[in-house]
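Here's the structure, in structure tokens; my notes come after.
Protein chains in written order, with the numbering used here: chain A, 12 to 262; chain B, 166 to 463.
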């Protein structure tokens with residue numbers, strides 16, 4: 012299972028006793044149902060990455076709680092694994108070894124590990140590249156490795172920090188389609204942070220729009236369009252208009 | 166990929182290898198022999214522009230030592246042995262085993278000192294990773310580091326006497342700091358997201374340290390080892406000049422007392438060539454073992 016709940020989370024940076032504290036997030040409450048895809052949409056500096064870091068266990072909320080199936084997140088782990096914008100692949104490991112890293116950390120026996128690596132290489136379409144090193148791959152392929160590596164540990168919640176922001180426009184669009192395909196084949200609870208309205212509409216079941224600093228939940232929009240989503244569809248366009256209005260209000 | 170294709174070409178070339186032993190193969194005609202020699206000559210010619218200055222310098226040296234100096238002052242000619250004399254002496258010393266004996270003694274000291282100096286890798290890993298350890302040990306290291314290894318010679322002779330241990334201690338001091346400093350620096354520069362990614366994939370703190378931090382710092386650790394071996398090699402010769410009865414440093418100092426400048430030059434060249442070979446071998450190993458690291462591709 013993987014029900015992610017953020018309960019009145021506030022995050023402050025700096026010394027609370029002095030004046031120079033920065034409130035990054037204020038009283039954020041949201042819920043992501045099991046196997047549902049949620050996009051957090053907002054400008055840079057709205058605290059969306061802070062939220063993700065707390066969900067990943069790298070930071071702790073100043074007040075409030077983030078839970079997976081009722082258990083509070085206290086430290087990073089495979090249950091709530093994260094995919095970074097810059098991939099963060101281990102450059103000294105091959106594609107297969109990168110994908111197998113988390114499995115090795117889980118002490119999976121080697122024959123099961125090999126099987127899982129093969130499965131996930133297939134899932135992200137990297138057959139034939141198992142022995143390559145990350146520096147021999149394109150940006151899009153590196154992100155595929157990162158996705159496979161994260162999915163291989165079978166996380167309860169998958170966190171993604173602007174995963175396609177480092178790619179060029181064509182690659183980004185292709186990888187978004189690819190992510191939809193992968194997610195449909197292997198459903199997961201996903202929390203994805205983005206500043207792209209299109210990315211949010213294309214991918215998510217639920218879009219959470221954040222206000223500027225301090226970050227608060229401004230609106231929660233459910234999207235029930237069938238996947239893959241057509242960018243020229245009238246409902247897509249009206250959603251886009253609605254979200255653009257919400258986001259641009261924040262300027 | 167490059168590597169594997171390179172090996173592939175080598176293997177496919179193998180059937181051609183017997184050509185080199187053409188003198189024992191009657192089916193290889195003298196004509197193809199001549200072609201091959203011509204091929205080699207062309208190969209050699211291609212290197213010529215690179216080595217032109219070196220060749221000219223050696224020629225000038227030869228002229229100075231055999232023609233010019235003897236004419237103005239025969240005594241001074243002794244101080245500048247000609248390349249031909251040096252080559253002949255080198256040949257004799259190689260055949261007699263004398264050069265090998267001293268070289269081996271030096272290499273053994275370098276090797277033993279290096280094994281001890283490798284302790285700087287785990288130490289540097291801990292110092293780079295744990296703030297507290299760094300805070301405690303850094304002042305000690307900052308005080309010791311600027312002392313040149315050679316300044317330790319008098320004290321080390323009193324501690325260890327003259328011999329291998331004393332020499333190895335001096336070499337160790339030359340090696341340990343470059344390795345340590347580079348390891349610490351490499352650890353501190355490890356990309357934060359790599360560590361976070363590892364933790365997020367369920368890695369324990371021990372695994373983070375050994376499987377990620379150490380690996381990520383490895384290119385710079387290798388750089389530290391290269392610098393350390395170089396400094397150690399220099400310290401070795403100095404240590405042997407004063408505190409040894411074997412080794413290349415001893416060899417050249419001993420030759421000085423009997424005015425054998427040719428032996429001195431042979432010793433010096435050996436020191437240079439071996440130092441270079443160690444560095445090249447290490448660089449090549451690093452490139453093969455760390456193909457992902459751009460740092461090694463200088």
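Just so it is clear, CB atoms sit at the ideal spot from N, CA and C, and this is done for glycine as well.
The beta carbon of residue 242(A) is closer than 6 Å to none in its chain, skipping five residues each way along the sequence. By alpha-carbon distance to residue 137(A), the top candidate from 216(A), 61(A), 107(A) is 107(A). Between residue 364(B) and chain A, the shortest Cβ-Cβ separation is below 8 Å. In this structure the region 240 to 258 of chain B does not touch the region 391 to 405 of chain B; the number of beta carbon pairs closer than 8 Å is below three. Under the DSSP assignment, residue 26(A) falls outside any alpha helix (DSSP H); it carries neither an H nor an E label. When DSSP states are grouped into helix, strand and coil, residue 51(A) belongs to the strand group. Residue 437(B) sits away from residue 88(A), with the two beta carbons spaced by 8 Å or more.
Nearest to residue 286(B) by alpha-carbon distance, out of 373(B), 349(B), 218(B), 195(B), is 349(B).
For residue 218(B), DSSP records no beta bridge to any residue. When C-beta atoms of the region 338 to 347 of chain B are compared with those of the region 288 to 295 of chain B, three or more pairs fall below 8 Å, so the two segments count as touching.
Contacts with chain B at 8 Å (Cβ-Cβ) include residue 97(A).
Residue-level contact check: residue 367(B) touches chain A, since one or more beta carbons of chain A fall below 8 Å from its beta carbon.
Less than 8 Å separates the beta-carbon of residue 258(A) from that of residue 208(A). Taking CB atoms only, residue 361(B) has a neighbour in chain A less than 8 Å away. By the Cβ criterion, the region 109 to 118 of chain A is not in contact with the region 190 to 206 of chain A, since fewer than three pairs of Cβ atoms, one from each stretch, lie closer than 8 Å. By the CB criterion at 8 Å, residue 205(A) and residue 52(A) fall inside the cutoff.
Residue range 33 to 43 is occupied by the beta strand (DSSP E) that includes residue 33(A). For a Cβ distance threshold of 7 Å, residue set 366 of chain B lies close to residue 112(A), ordered along the chain. Closer than 8 Å to the CB of residue 151(A) there is not a single CB belonging to chain B.
Sixteen is the threshold: when 16 or more other Cβ atoms of the shown chains lie within 10 Å of the Cβ of residue 22(A), as they do, the residue is buried.
The C-beta of residue 200(A) has 16 or more other C-beta atoms within 10 Å across all chains shown, which makes the residue buried. Following the DSSP letters along the chain, one finds residue 282(B) inside the alpha helix (DSSP H) bounded by residues 263 to 282. Comparing alpha-carbon positions, the option among 161(A), 143(A), 239(A), 148(A) lying closest to residue 130(A) turns out to be 161(A). Contact annotation: in the region 190 to 213 of chain A, no residue has its CB less than 7 Å from a CB in chain B. For residue 358(B), the C-beta contacts it makes with chain A under 8 Å involve 95, 97, 99, in order along the chain. Look at residue 144(A): its C-beta is under 8 Å from a C-beta on chain B.
A straight-line Cα-Cα distance of about 10 Å links residue 306(B) and residue 312(B). Nearest in C-alpha terms to residue 104(A), of all of 444(B), 202(B), 377(B), 260(B), is 377(B). In its chain, beyond the 5 residues on either side, 109, 145, 153, 156, 157 have a beta carbon closer than 7 Å to the beta carbon of residue 100(A). According to the DSSP assignment, residue 251(A) belongs to the alpha helix (DSSP H) that extends over 245 to 259. At least 8 Å separates the CB of residue 251(A) from every CB of chain B. The shortest C-alpha to C-alpha distance from residue 39(A) to any of 48(A), 219(A), 134(A) is the one to 219(A). Beta-bridge pairing by DSSP links residue 83(A) to 78(A).
The Cβ atoms of residue 95(A) and residue 358(B) sit closer than 8 Å to each other. Look at residue 20(A) here: in three-state DSSP terms it is strand.
The beta carbon of residue 247(A) sits closer than 8 Å to the beta carbons of 212, 236, 240, 241 from its chain, once the five residues preceding and following it are set aside; these are given in chain order.
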